[in-house]
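Taking it in order: structure first as structure tokens, then the write-up.
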Amino acid sequence: DVKVTQSSRYLVKRTGEKVFLECVQDMDHENMFWYRQDPGLGLRLIYFSYDVKMKEKGDIPEGYSVSREKKERFSLILESASTNQTSMYLCASSFSHNYGYTFGSGTRLTVV
Amino acid sequence: DQQVKQNSPSLSVQEGRISILNCDYTNSMFDYFLWYKKYPAEGPTFLISISSIKDKNEDGRFTVFLNKSAKHLSLHIVPSQPGDSAVYFCAASLTRSGGGADGLTFGKGTHLIIQP
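Protein chains in written order, with this note's numbering: chain E, 3 to 114; chain B, 259 to 374.
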């Protein structure tokens, strides 16, 4: 089974801090994604990557950046955390869009 | 503008009966549709999918129906069980001209509650 691992389940950070969320997948998938989930808003795509060192903006990239230096690892970076970035962050990977994406367990980030 | 819509935030169904979750989309270029199930504090798990060239796909208790002309799909769960209580997300994707994935577009989810 494909496994997507997010390094932290819960994080509490202060406003203005630089925050790194890490995601690792173990099935050699080309595509990786970062979503955030908020009540009443569903899942919204932040950034995605279809190859090493490649990245593309999703629907809500503002305030975020990403890094994909190795195929198995996709990092989400909050350059200067703000309270409106308090959310559940979900990483996913896929072989192709015709296969169901596999999600990690999520990171619950609270910015205070 | 929301391209994938789940208009029912919640749905309550008696155990053993049929649960029907609905989803509408606006982008006619979507060519693949998926349903995900999510429990609190966990990531979504893939449930079932359907290609736009089909109108029905069945997997055990789960069946997805696609009506392309109406831009509507539905998930049927028969019979409903207590463990089915979760949030269900409808998602859609489209094929890039060069292949590859653009990321799924999700609806806002429907909270299904199975009552004993």
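A virtual CB, placed ideally from N, CA and C, is assigned to each residue, including glycine.
Query: Alpha-carbon to alpha-carbon, G274 (chain B) and L47 (chain E); Result: 35 Å
Query: G341 (chain B), DSSP secondary structure in three states; Result: helix
Query: Same chain, Cβ closer than 8 Å to D313 (chain B), neighbours up to 5 away in sequence not counted; Result: F323, L324, N325, K326
Query: heavy atom of the ligand PLP below 7 Å from P298 (chain B) C-beta; Result: No copy of the ligand PLP appears in this structure; indeed no ligand is present at all.
Query: Three-state secondary structure (DSSP) of Q8 (chain E); Result: strand
Query: For G106 (chain E), the nearest candidate out of E:T17, E:Q27, E:L13 (CA to CA); Result: E:Q27
Query: Chain E contact for S242 (chain B) (CB, 8 Å cutoff); Result: Nothing about residue 242 (chain B) can be read from this structure; chain B reaches only from 259 to 374.
Query: Cutoff 6 Å; reference L352 (chain B); Cβ partners in own chain excluding five residues on either side; Result: M287, F288, D289
Query: In chain order, each beta strand (DSSP E) run of at least 3 residues that lies wholly inside the segment 73-113 of chain E; Result: 75-80, 89-96, 109-113
Query: Other residues of its chain near S67 (chain E): CB distance less than 7 Å, five sequence neighbours each side excluded; Result: I79, E81
Query: Neighbouring residues, chain E, relative to L292 (chain B) (Cβ below 9 Å); Result: G102, Y103
Query: For K59 (chain E), three-class secondary structure by DSSP; Result: strand
Query: L292 (chain B) to Y49 (chain E) span [Cα, whole Å]; Result: 20 Å
Query: Closest Cα partner of M29 (chain E) within the set E:K20, E:S95, E:R16, E:W36; Result: E:S95
Query: Cβ separation of Q87 (chain E) and V114 (chain E), assumed to be a contact under 8 Å, to the nearest whole Å; Result: Their Cβ separation, rounded to whole angstroms, is 11 Å, which puts Q87 (chain E) and V114 (chain E) out of contact at 8 Å.
Query: Reduced DSSP category for I276 (chain B) - H, G, I as helix; E, B as strand; rest coil; Result: coil
Query: Simplified DSSP assignment, three categories, for F288 (chain B); Result: coil
Query: Between the CA atoms of I276 (chain B) and I371 (chain B) - distance to the nearest angstrom; Result: 12 Å
Query: Whole-angstrom distance between Y294 (chain B) and F304 (chain B), CA atom to CA atom; Result: 5 Å
Query: Any chain E beta carbon closer than 8 Å to K366 (chain B); Result: yes
Query: Closer than 8 Å to chain E by CB, G318 (chain B); Result: no
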